[in-house]
Each structure stands twice: as structure tokens, then as C-alpha cells.
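J.: Heads up, the final residue of the sequence shown is numbered 165 in this note's numbering, and it's a clean run with no missing numbers.
Heads up, the beta-carbon is just placed ideally off N, CA and C, and yes, glycines get one too.
Remember, it's a predicted structure, so these values are computed and weren't measured experimentally.
Have a look at the structure that comes next, please.
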Amino acid sequence: MYSKKVMQYFMKPKNQGSMKNPDGFGTVGNPKCGDIMTVYIKVKKNKNKEIISDIKFETLGCAAAIATSSMVTEMAKGKSLDDAFKISRQNVADELEGLPPAKMHCSNLAEGALKRAIEDYRSKAGSKTKARELAAKAAKKTKKKK
Ligand code: FES
């Protein structure tokens, strides 16, 4: 039996849909049931912190998958990447006032897709920084030769 909150988040999911030009995204599948979920994030820098300014999800999943992904997006929005990365499936289930034990695995999708989206953003941001460093080094060398 689902809690009232699970039913609310399932019937009226928040942040559902795709996102154009996300800064990061992550897709995970659930091997137990074959369901799949994608989380998209936009990141803004604010006083040396990287904040999730917008977040969306898409899922082909059950009621619990929809409710947990909707909840995880609500929990992560406005948080720093470090804090959002710490959100666990148990945190999500607690915020939903519990999940039936047989449905706990559904919350793996929400946690996993969010973590992958953050990792995707970080790997892209890392390669952009690396590219900028290499361009700066190349520019210095060119200056010296002149
Ligand atoms: Fe597949 Fe819930 S049964 S995610």
C-alpha cells in the first residue's frame, strides 16, 4: 500500500519532462523490472558553489518510480552539487513517508539517475577546464615564439 504522499507525487509529478541543452544528464535502468529513468540538470555557479538551478526527469516506470523521481528532483533543486550527491534512496523514501518493501528498489532509479547527471556535469566541466588550460598554455607558447 502506498502512502498518501507517494500517491500525490505519482498523480501530480513535479519537474517531469525533458530539458533542452542540459548541463548534465544521467540515465539508469532497473535490471529487476526493466524500467528506465533519465534526470537532467542545469547548474549555476553561486559564490564558489555549483547549484542545481533546474532539474527534470523522464521515466518509463511504475508509480513508485514516478513518485521517487519527482521527489528526488524536488529535494535536489536549489542544492549544491555536493549536497545533492548525498541524497540517498532512503532519504527519498523517508520524504515520501515510506515505500512498500517490494518497491524500495524503484527508488534506486531516482538516486542513480541524479548521481549520474551530476557526474556527467562534472566530467564535462572538467574537460572544459582542461581545454581552457591547454588553450592558455598554447597561447603562452605562441607569445614566447614571437
Ligand atoms: Fe520498475 Fe518500480 S517496478 S521501477
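CA-CA distance, serine 22 and aspartate 73?
T.: The sequence position of residue 22 within the sequence shown is 3, counting from 1. The sequence position of residue 73 within the sequence shown is 54, counting from 1. One C-alpha to the other measures close to 27 Å.
J.: Start and end of the beta strand (DSSP E) containing leucine 79?
T.: Here residue 79 corresponds to residue number 60 of the sequence shown, with the count starting at 1. It spans 68-79 - the beta strand (DSSP E) in which leucine 79 sits, taken as one unbroken run.
J.: Would you say the beta carbon of alanine 83 is closer than 7 Å to some non-hydrogen atom of the ligand FES?
T.: Start at 1 with the first residue of the sequence shown, and residue 83 comes out as number 64. True, at least one ligand heavy atom lies under 7 Å from that Cβ.
J.: Can you tell me where the beta strand (DSSP E) holding asparagine 65 begins and where it ends?
T.: To locate residue 65, count along the sequence shown from 1; it is residue 46. First-last of the beta strand (DSSP E) with asparagine 65: 55-65.
J.: Could you tell me the alpha carbon to alpha carbon distance between alanine 112 and alanine 86, rounded to whole angstroms?
T.: Mapped onto the sequence shown, residue 112 falls at position 93. Mapped onto the sequence shown, residue 86 falls at position 67. Near 10 Å, if we compare the C-alpha coordinates of alanine 86 and alanine 112.
J.: Would you check if the segment 93-104 and the segment 115-122 touch, i.e. whether three or more CB-CB distances between them fall below 8 Å?
T.: no
J.: Since I believe alanine 84 is in contact with aspartate 42 (beta carbons under 8 Å), could you give me their beta-carbon distance rounded to a whole number of angstroms?
T.: For the purposes of this step, residue 42 is identified with residue 23 of the sequence shown, where counting begins at 1. For the purposes of this step, residue 84 is identified with residue 65 of the sequence shown, where counting begins at 1. Contact flag wrong, Cβ pair sits at about 24 Å.
J.: Determine the direct distance from the alpha carbon of methionine 30 to that of lysine 122, and round the result to whole angstroms.
T.: The residue given as residue 122 occupies position 103 in the sequence shown. The residue given as residue 30 occupies position 11 in the sequence shown. So the alpha carbons of these two residues sit roughly 17 Å apart.
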